[in-house]
Every structure is written in structure tokens, then in C-alpha cells.
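Following: one structure in C-alpha cells, then a few remarks.
Protein chains: 2
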Amino acid sequence: MTKPMGGIPAEFRAGEDGTLHVAGRSAASLVADAGGTPLFVYDLAMVAARIARFRGAFPGVSLHYAVKANSYAPLLAAIAKQVDGLDVASAGEMRQAIGRAEHISFAGPGKTDAELEAAIGAGVTLNLESEGEAERALTAAGRLGVRPKLAVRVNPDFEIRGSGMRMGGGARPFGVDAERVPALVRRIIDAGAEWHGFHIFAGSQALSAEALIEAQRATVVLAGELAEAIGVTPPLVNLGGGFGIPYFHGEQPLDLEAVGAELAETLAQRPPILRHSAFAIELGRWLVGEAGVYLTRIVDRKVSHGKTFLVTDGGMHHQLAASGNFGQLVRRNYPVAIATRFGSEPEEEATIVGCLCTPLDRLGDDVMTPKAQVGDLVAVFLAGAYGLSASPQAFLGHAPALERAVSGGS
Amino acid sequence: MTKPMGGIPAEFRAGEDGTLHVAGRSAASLVADAGGTPLFVYDLAMVAARIARFRGAFPGVSLHYAVKANSYAPLLAAIAKQVDGLDVASAGEMRQAIGRAEHISFAGPGKTDAELEAAIGAGVTLNLESEGEAERALTAAGRLGVRPKLAVRVNPDFEIRGSGMRMGGGARPFGVDAERVPALVRRIIDAGAEWHGFHIFAGSQALSAEALIEAQRATVVLAGELAEAIGVTPPLVNLGGGFGIPYFHGEQPLDLEAVGAELAETLAQRPPILRHSAFAIELGRWLVGEAGVYLTRIVDRKVSHGKTFLVTDGGMHHQLAASGNFGQLVRRNYPVAIATRFGSEPEEEATIVGCLCTPLDRLGDDVMTPKAQVGDLVAVFLAGAYGLSASPQAFLGHAPALERAVSGGS
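Chain order of the listed sequences is A and B.
Here the first sequence stands for residues 111 to 520, where the numbers follow the numbering used here.
Here the second sequence stands for residues 111 to 520, where the numbers follow the numbering used here.
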């Protein structure tokens with residue numbers, strides 16, 4: 111039985127030749143230029159359009175890029191010029207970010223002493239995840255003789271309703287429980303550190319504007335209460351992100367403008383102690399997820415017990431989430447298409463699999479496609495965030511995937 | 111509430127110093143020698159013992175190693191000397207295997223023309239996955255002017271009952287449906303290729319001896335029927351593997367000797383046309399899974415809402431399966447321990463997490479441990495198969511893990 115798939119972002123269209131075009135160029139020519147498949151293509155104009163849309167919807171709110179979503183260097187370089195800060199989650203990401211943006215902050219529950227020292231030495235803001243980490247950071251700063259920039263990550267008592275991933279509410283490894291935050295901030299200030307404010311992350315991959323509005327309201331209230339308890343205005347309140355994109359059949363895109371309008375209301379009525387605070391939203395997936403497409407080539411077309419399989423040269427080693435094996439309870443189809451027959455009507459039901467010798471390696475399950483042959487290109491959409499870097503690239507020893515960032519003008 | 115964990119293989123014991131010893135050496139000294147954490151340690155003596163146990167239980171049956179389980183070069187080199195063949199799943203694995211074993215076979219549903227050509231040129235046996243692949247292989251052999259070694263992978267109409275992963279039965283991307291196999295083998299023989307026999311894989315990670323016995327019986331029956339239909343004795347019947355290891359609480363190890371005894375019976379009564387066939391079993395996980403341990407260091411100890419978290423410098427980017435995010439429906443605890451307090455009694459309930467900034471990164475959920483501190487080493491057991499290579503190593507840009515193979519004598 112045919113299974114549904116998610117929607118293909120509207121920017122991806124068939125060219126006059128009837129094949130998929132990305133940033134004005136055919137998938138086949140992108141593959142030829144890159145030197146083969148599998149290939150990730152990121153459309154920089156789509157990312158820029160997302161950033162512009164955010165700016166329009168959230169005037170006066172800073173935009174940070176969560177580098178973990180996609181740290182491919184040309185993409186990161188392009189984004190860094192258009193955002194107000196880069197949020198990193200490891201020393202590796204930090205090295206990629208340094209020099210690209212004025213504001214870099216480093217969050218993550220397992221920072222080693224070496225990472226803390228590198229961050230402080232480079233003038234990066236540390237989002238402290240615990241009292242123990244705070245002490246280690248202060249010690250490292252003392253060793254270096256540098257005044258550290260320290261923010262405190264708060265584990266809020268709420269989370270974004272229906273969030274794809276819970277990052278707040280209840281016992282969590284992230285941040286410091288809200289009730290212990292004032293004492294920790296006082297400790298930091300007393301120790302002579304530059305206190306940079308709060309990082310309050312309540313969830314991710316939310317598609318409900320209402321849920322995000324509610325979480326942002328609660329975040330501003332919490333930041334105000336914490337600031338009152340401390341008696342100091344936080345220079346910055348990072349409201350987290352959590353803006354989702356629709357991956358699966360039936361999911362609707364987030365009403366970004368509704369969230370922006372309500373946040374403006376919330377901030378207009380914010381407690382006096384936050385009057386001079388800056389506010390930032392940290393986005394990864396929402397900025398880059400839809401802008402990426404993963405292109406693979408069909409190497410075999412076969413039938414087993416009446417079912418047609420299209421076997422590609424790509425797979426879960428490059429696109430683990432699309433295979434349904436990255437923390438998902440039930441496998442659902444990402445949007446996929448035959449790139450080289452993008453303008454053709456669906457003719458048959460096929461299952462698109464990767465080249466790995468494991469039944470886990472599925473890219474499209476019982477999907478309707480034009481009749482594809484060996485040599486055709488398959489496109490897996492929504493491949494811009496948590497794609498190649500979040501996949502087991504070494505699994506089964508296949509060749510690495512290629513990556514390219516393209517823009518309409520190039 | 112405390113959650114149970116799987117059993118720790120009996121070979122891992124506390125030394126006189128009360129810490130975990132692997133191959134006669136303390137975890138701390140192994141880490142010091144390797145240069146830090148995270149570190150995978152593979153005990154070669156444990157692998158050798160598994161091989162010896164197989165030899166005792168399956169006299170006269172060939173043993174192949176499925177390289178995809180773990181292709182770490184020193185481990186692969188040690189295993190290659192003790193087995194009768196290496197089964198590879200990509201050109202990358204093939205390059206690692208060539209020169210190490212007489213018999214190398216290459217299975218995998220998405221072999222490219224370049225891979226087929228490389229395999230044929232190197233004298234590697236191809237396990238053909240489809241009629242289309244057979245034609246491409248014959249064409250490649252023609253181009254090279256080489257007589258190819260071709261076996262046919264059969265998609266059987268049965269699968270190992272309760273198998274962790276279904277690889278046979280019904281419509282599958284692997285192999286050729288049994289009823290079409292005789293025609294394909296005749297085509298190969300008629301084209302002048304060296305026909306090497308059948309590869310029949312009915313599942314993996316099975317712990318039930320009865321289920322394996324039943325599948326092996328059915329496999330021999332099927333091989334006999336196919337051989338009769340072709341009228342030629344297959345030189346080799348690869349019976350697949352599927353021998354599981356217990357990962358989780360309540361799972362019992364496979365009764366290997368029972369499977370071996372029954373297979374001997376089955377083979378004693380095999381159809382006359384298989385009298386001169388050789389039989390092989392292909393094992394990966396069962397040979398190496400229990401021999402590996404993943405060592406990470408605690409970098410933070412924190413409490414959130416009354417729950418204790420031990421934050422390590424390792425995580426799901428090295429041990430995706432242990433985090434519960436690799437195709438599992440429900441996260442269950444792999445066996446974990448505080449390596450530096452291995453001889454101590456459990457004192458507290460703790461949740462052991464990795465350093466990644468995502469709630470998916472859990473190594474041990476609500477497990478009982480001795481009271482551990484920053485600097486202690488955590489051991490995650492059963493890390494020898496589908497560990498580092500099956501994990502998203504680049505995820506969040508953390509440093510790569512180290513690997514070492516050790517033996518008691520070293």
C-alpha cells in the first residue's frame with residue numbers, strides 16, 4: 111500500500127527539461143560539477159530568504175545560528191555574515207566559528223577543562239551547564255588570567271508543548287534548575303566574571319505557533335523572576351529556538367509571523383528589570399533544513415515478491431534521519447522524488463533503499479514515483495539540517511558524500 | 111525508578127585495585143597508554159575464544175567474518191588469520207580485506223559498476239543481489255577479460271523467528287527471490303562465469319537456538335532444491351549468520367553448541383546434490399561484540415530535580431546503539447559500569463549521559479552505580495560490534511574516539 115510522504119519545499123521546481131532544479135541549475139549538472147553522487151546541495155538563497163523572513167517577523171530580536179544543525183564551512187561562512195551570533199556545541203564547532211562572528215556562545219553538558227580554557231582564551235561566551243562547570247570555568251580563567259564571559263543555561267520548569275525533543279522541564283542534563291540559578295549567577299559576578307545573561311532552551315522542532323508563543327512568554331517571565339532574584343539586568347536572554355519544519359505527511363509549517371507578533375507583545379510588556387536586556391533566538395534546523403537536498407543515483411532496479419525496489423548509491427550512512435533510525439519511534443517518509451523525472455507524473459509504487467547491506471537502510475517506503483531506471487537521480491529533501499554530520503558516515507566503509515553550497519547567482 | 115541493564119560479559123573483572131581490567135590491564139592504564147578518552151578497547155583473546163568455541167561446536171563448517179561488524183584494522187588483521195573467509199559489504203571494506211584472506215566475498219544491494227569491476231579484478235567473489243547486477247558484473251568481467259567468481263544471494267521465503275533484524279522472507283531489497291534463482295545461476299554458468307554457490311541470509315541478532323536451527327534446516331533444504339533445479343552442486347553454501355549476543359536485561363546467551371549439534375545432523379542428512387558442497391557461517395557481532403568496551407571519562411556530576419547525572423566526554427556520536435537511537439523502538443540500557451570503581455557495590459541511582467547537546471545522548475538511564483566523581487571512567491560494554499563505525503562521529507564536531515586492540519600477552 112502506498113505510504114504518504116512529507117511535502118517538498120516550494121522552492122524546488124522542475125526546470126524546462128523536466129528535471130529538478132536547485133538554485134536555477136539542474137540536479138544532473140550539479141552532480142556533474144561536484145564529481146558524482148551522493149551529493150548534498152545547500153541552496154544559500156533559500157537560507158537567506160529564511161533569515162530575511164525572520165528579520166521581518168522578529169524586529170529587534172537577535173538571530174543566532176545553531177552551528178550543530180549544519181557546519182559545512184561554505185554554508186557556515188555565508189550564514190555567519192547574516193546573523194548576530196553563532197552558538198556552538200563543541201570545541202570543533204567553536205574552531206569553525208571563531209573569526210566569523212562577533213558573538214559566539216558555547217553550550218553543551220560535557221565541556222572538558224581543555225574546552226573551557228580554549229573558549230575563555232578566545233573570548234567565547236560559555237553557557238554554563240552546572241555549578242561544577244562554573245567552578246571549572248572560573249579556575250580555567252584564573253589560570254589564563256582572563257576575565258571570562260559567562261552566561262547561565264537555565265533548565266526551565268516548562269517545555270514547549272508537543273516539542274519534537276524535550277530539552278526543558280523536569281530532571282535534565284542541560285542547564286541549572288531555575289531555583290538554583292540566582293545563587294550561581296551571584297557566585298559568577300562575585301568571582302569577577304563578565305555575566306552575559308541567560309540561555310533558556312525549552313524544546314526543539316515545534317510546529318505549533320501557540321506552543322512556541324506560550325514557551326516564549328514563560329521564558330520571559332522566568333528571565334524576569336531570575337533577574338529580580340539576582341538584582342541585576344541580564345545583558346542577553348537567549349530564548350532558545352525550537353522552530354520546526356514539516357518533515358512528514360500532514361504536518362503544517364510553523365506560522366512564524368504569529369510567533370513574532372506575540373513575542374513583540376510579550377517583550378513590550380516585559381518586567382522593568384529586563385528593559386535593557388537584549389533578546390536572541392537561536393535557530394538551526396529552521397534556517398537550513400529545507401535548503402538542503404541529498405542526491406543519489408539509482409544503481410539497481412529490482413523486483414521482489416511483486417514489490418519494486420530502487421537501490422541507490424546513497425543511504426542511511428549519509429541521511430540517518432531520513433532512514434527513520436535517528437531517534438524516531440515510527441519510520442515515516444521524508445519527501446523524496448526522482449530528480450531526473452521531477453516534472454513527470456507518478457506511475458508506480460516503489461521502495462527506495464540505500465546501498466547498505468542492512469534492512470534499516472530505507473529512503474522511501476512504498477512511495478509513488480515516475481518509472482525510474484538505473485542511472486536516474488533520487489532527491490531526498492529536507493536534508494539541510496542534521497544530515498551528513500548526524501549520520502554514521504563510516505558505516506560499512508562506503509565512500510563519503512560530497513557537499514556543495516550553491517546560490518542562484520553562481 | 112532504577113532501570114535494569116544487560117549483563118556484563120564474564121571476562122570483564124575487577125583487578126586487585128578494584129577497577130575494571132581488560133586483557134589483564136586496568137582501564138586507567140589502557141586510557142593512559144592510548145592517550146585519553148573516549149577509547150574503544152577490543153580484547154583479542156576474547157575474540158579468539160569465540161572463534162575457538164565456534165570451531166568446537168561446528169566442526170567441518172567454515173567460518174567467515176562479516177567485516178561490517180568492526181573493521182578496525184588491527185582487529186581485522188588478527189581475525190583474518192583465524193577464519194576461513196572475510197565477507198565485505200563495500201569497496202572500502204574490500205580494500206581492507208584484500209590480501210588478508212584467501213576467500214573474500216562481497217555482498218550488498220547497491221554495488222556500483224566501479225565496485226563490481228574492482229571486485230572482479232581482485233578475484234573477489236561477488237554475491238549477486240539481482241539479475242541486473244549479474245548482467246552488470248558479466249559486462250564488467252568482459253571489459254576486464256577476467257572470469258568472474260559469482261555467487262547468488264538468495265532471498266529465502268523464511269526468516270529466523272524472533273530475529274533482531276529481518277533479512278529474508280517476503281519482499282526484500284536483498285538477494286534474488288528463490289524461484290528466480292535457478293534461471294539466474296544457469297545464466298551465470300552459461301556466460302562462462304565461475305559459479306561459487308549460494309548466500310542465504312535469513313536474519314540477524316537471534317538468541318534462540320531453536321529459531322536458528324529451524325532457519326538453518328530450511329536453508330539447507332532450500333539450497334538442495336535450488337541445486338536440484340539447476341542440476342549443479344554449489345561449491346559453497348553460505349548459511350548466513352544471525353547469531354546474537356545478549357544486550358539487555360533478561361536476555362539469555364545463545365546456546366551455540368545446540369545449534370552446532372543440530373546443524374551437524376542437518377548436514378549429515380543433506381540432499382545428495384549437496385554432498386560435495388562446503389558450508390560456511392558468517393559471523394560478525396557474535397565474534398566481536400562482547401570483546402569491545404567503550405571507555406569515557408566523567409566531566410561533570412550534577413543534580414537536576416533530585417536526579418543525579420554523570421556527564422561524560424563520550425556519547426552517541428561513538429556509541430549510537432547504546433544511546434538507543436539506532437533503529438530501536440524502545441531505549442533499554444546496555445550494560446554500563448564505573449570502570450574505576452568496578453569492584454565497588456552500587457550506592458546510588460544515576461543517569462549517565464554523553465557530552466552532546468541533545469537529549470538523545472544517553473548511555474545509561476537510571477542505573478545503580480557506586481558513587482562516581484568527575485575524573486572517574488565509565489565503561490559501556492558490548493561495544494565491539496557496530497560501535498564506532500555505526501555512529502555519527504562528526505555529530506556536533508567533537509573529537510574522534512580512539513581505538514585499541516589488546517591481548518592478554520601484550
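For each residue, glycine too, the CB sits at the ideal point set by N, CA and C.
Under the rule that 16 or more other beta-carbon atoms within 10 Å means buried, what is residue i, buried or exposed?
i	result
B:I118	buried
A:L439	exposed
A:R253	exposed
A:R526	Nothing about residue 526 of chain A can be reported from this structure: the residues present for chain A run from 111 to 520 only.
A:K191	exposed
B:E522	With chain B covering only 111 through 520, there is no way to say anything about residue 522 of chain B.
A:G401	Looking at the sequence shown, residue 401 of chain A is not Gly but Ala. A:A401 is buried by the Cβ-count criterion.
A:E126	exposed
A:H309	buried
A:D143	exposed
B:A432	buried
A:Q379	exposed
B:P445	buried
B:M115	buried
B:M111	exposed
A:Q503	buried
A:Q483	exposed
A:P344	buried
A:P548	One cannot answer for residue 548 of chain A here, as it falls past the ends of chain A, which runs 111 to 520.
B:R300	In the sequence as presented, Arg is not what sits at residue 300 of chain B; that position holds Asp. Classification for B:D300: exposed.
B:P219	buried
A:P184	exposed
B:E225	buried
B:M325	First, the residue type needs correcting, since residue 325 of chain B is Ala and not Met in the sequence shown. Its Cβ being crowded by 16 or more others within 10 Å, B:A325 is buried.
A:E458	exposed
B:S520	Because the pLDDT at B:S520 is just 43, under 50, the model does not fix this residue reliably, and the value given afterwards should be weighed accordingly. Flag for B:S520 reads exposed.
B:E67	Residue 67 of chain B falls outside the range modelled here, since chain B spans only 111 to 520, and no answer is possible.
B:G145	exposed
A:P382	exposed
A:G351	buried
A:A500	buried
Please look up how many angstroms separate the CB atoms of residue i and residue j, rounded, as I've assumed it's under 8 Å.
i	j	result
A:V463	A:F436	Wrong, their Cβ atoms sit about 17 Å apart, outside the cutoff.
A:L498	A:F150	6 Å
A:F452	A:L130	4 Å
A:G285	A:R263	4 Å
A:A250	A:D223	6 Å
A:L236	A:W305	At roughly 11 Å, the Cβ-Cβ gap does not stay under 8 Å, so A:L236 and A:W305 are not in contact.
B:D486	B:I408	5 Å
A:N265	A:A288	7 Å
Determine the chain D residues that contact residue i at a beta-carbon separation under 8 Å, and present them in chain order.
i	result
A:G350	Of the chains in the structure shown, none is chain D; the protein chains are A and B.
Inset, instruction - Taking only beta carbons into account, state which residues of the region 483-513 of chain B come closer than 9 Å to chain A, listed in chain order. - result: V484, Y496, L498, S499, A500, S501, P502, Q503, A504, F505, L506, G507, H508, A509
Inset, instruction - Let me know the alpha helix (DSSP H) ranges lying completely inside the region 237-316 of chain B, each 4 residues or longer, listed in chain order. - result: 241-254, 291-300
Inset, instruction - Could you name the residues of the region 421-455 of chain B whose beta carbon sits closer than 7 Å to any beta carbon of chain A, in the order they occur along the chain? - result: Within the region 421-455 of chain B, the qualifying residues are V421, T422, D423, L430, N435, F436, G437, L439.
Legend entry - Every unbroken beta strand (DSSP E) within the region 351-407 of chain B, with a cutoff of 3 residues, ordered by chain: Scanning the region 351-407 of chain B from its first residue to its last, the whole beta strand (DSSP E) runs of 3-plus residues come out as 388-393.
Inset, instruction - Pair every Cβ in the region 173-185 of chain A with every Cβ in the region 391-409 of chain A, then say whether three or more of these pairs are closer than 8 Å. - result: Yes, they touch.
Inset, instruction - Report the residues of the region 238-267 of chain B with a CB closer than 8 Å to any CB of chain A, ordered along the chain. - result: E239, S240, E241, G242, E243, N265
Inset, instruction - Taking a Cβ distance cut-off of 7 Å, strictly less, list which residues of the region 400-414 of chain A are near chain B, in chain order. - result: Taking 7 Å as the cut-off between beta carbons, the residues of the region 400-414 of chain A near chain B are V409, D410, R411, K412, S414, in sequence order.
Legend entry - Contact the region 358-370 of chain B vs the region 187-202 of chain B: 3+ CB pairs below 8 Å: no
Inset, instruction - Counting only runs of 3+ residues fully inside the region 423-477 of chain A, write out the beta strand (DSSP E) ranges in chain order. - result: Under the rule that a run must span 3 or more residues, the beta strand (DSSP E) segments found entirely inside the region 423-477 of chain A read 446-448, 458-463.
Legend entry - Under 7 Å (Cβ pairs) to chain B, residues found in the region 188-203 of chain A: A199, S200, G202, E203
Inset, instruction - Using a Cβ-Cβ cut-off of less than 9 Å, give me the residues of the region 125-154 of chain B that come near chain A, in sequence order. - result: none
Inset, instruction - Below 7 Å between beta carbons is the criterion; list the residues of the region 164-184 of chain B that meet it against any residue of chain A, in chain order. - result: K178, S181
Inset, instruction - Kindly confirm or deny that the region 164-173 of chain B and the region 377-390 of chain B touch, where touching means at least three C-beta pairs closer than 8 Å. - result: yes
Inset, instruction - Select from the region 460-477 of chain B all residues with a C-beta closer than 9 Å to any C-beta belonging to chain A, and list them in chain order. - result: T461, V463, G464, C465, L466, C467, T468, P469, L470, D471, R472
Legend entry - Cβ contact (3+ pairs, closer than 8 Å) linking the region 485-492 of chain A and the region 509-519 of chain A: no
Inset, instruction - Give a yes or no on contact between the region 208-215 of chain B and the region 405-417 of chain B, applying the rule of three or more CB pairs nearer than 8 Å. - result: no
Legend entry - Contacting positions in the region 303-327 of chain A - beta carbon closer than 8 Å to chain B: none
Inset, instruction - Write down every uninterrupted run of the beta strand (DSSP E) in the region 319-351 of chain B whose length is 3 residues or greater and which is fully enclosed by it, in chain order. - result: 346-348
Inset, instruction - Check each residue of the region 211-224 of chain A: if its Cβ is closer than 9 Å to any Cβ of chain B, include it; give the result in chain order. - result: A217, G218, P219, G220, K221, T222, D223
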